[in-house]
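**Student:** Before I ask anything, let me first share the structure, which is written out below as structure tokens.
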Amino acid sequence: MESDDAFLDAFLNACAAGDLSNTQEAIASGRLTLEDLDEGLALATYDAHPDIVATLFDAGARVSTYATGFLTGEEEQVPGIIRQFLDHGLDPNASVSGGEPLLSLLRNPASARELLLRGADPNRCGPREIPPVVYAISST
101 MESDDAFLDA
111 FLNACAAGDL
121 SNTQEAIASG
131 RLTLEDLDEG
141 LALATYDAHP
151 DIVATLFDAG
161 ARVSTYATGF
171 LTGEEEQVPG
181 IIRQFLDHGL
191 DPNASVSGGE
201 PLLSLLRNPA
211 SARELLLRGA
221 DPNRCGPREI
231 PPVVYAISST
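Taking my numbering, the leading residue of the sequence shown gets 101, the next gets one more, and so forth.
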């Protein structure tokens, strides 16, 4: 049996790489903690793997401030991932690091639409006092 550190590293790498089979195998082993699932969720969210995100939510991963911060993604924001977070309790008016509304940091209009459809306030300002609607206008 591999060490706990090696096992966890392999699981997290599978989540980040979008490797559904190895992610499911690690979950089925029963060796992962809730915190491990939450870390995997953040990585799968950041790297835009909706199938991994769904699997982790099904296994008990939670919407957390930490994971929510990864919804802005590196390169791609997937509306389906935003929808899954909302379905699992994400507040559409959630703030991320620095207190900025998540809505103001989404560059993908379809992802922003998901938050708006669930009641996000397009005029809610963060510490910079710039409403998300202004970010949307200035990015076009």
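Think of the CB as a built atom: it goes at the ideal place given N, C-alpha and C, for glycine as much as any other residue. Model, not experiment: these values are computed from the prediction.
(1) Pick out the complete alpha helix (DSSP H) segments inside the stretch 131-174, 4 residues or longer, and give them in chain order.
(2) Taking C-alpha atoms, which residue in L203, A167, I230 and A210 lies nearest to D147?
(3) Based on Cα-Cα distance, which residue from L206, V153, G198 and D191 lies nearest to G173?
(4) Report all residues from its chain with a CB closer than 6 Å to the CB of P178; omit the five preceding and five following residues, and keep chain order.
(5) Do R162 and L137 have their C-beta atoms closer together than 9 Å?
(6) From the DSSP output, in three-state form, read off P201 for me.
(7) According to DSSP, what are the bridge partners of S195?
(8) Of the residues A117, S204 and L216, which one's Cα is nearest the Cα of C225?
**Tutor:** According to the structure data:
(1) Runs of the alpha helix (DSSP H) inside the stretch 131-174: 134-146, 150-159 and 165-168.
(2) A167
(3) L206
(4) Before going on, a small fix: residue 178 reads as Val here, not Pro. Closer than 6 Å at Cβ, skipping near neighbours: A148 and P150.
(5) yes
(6) strand
(7) P201
(8) S204
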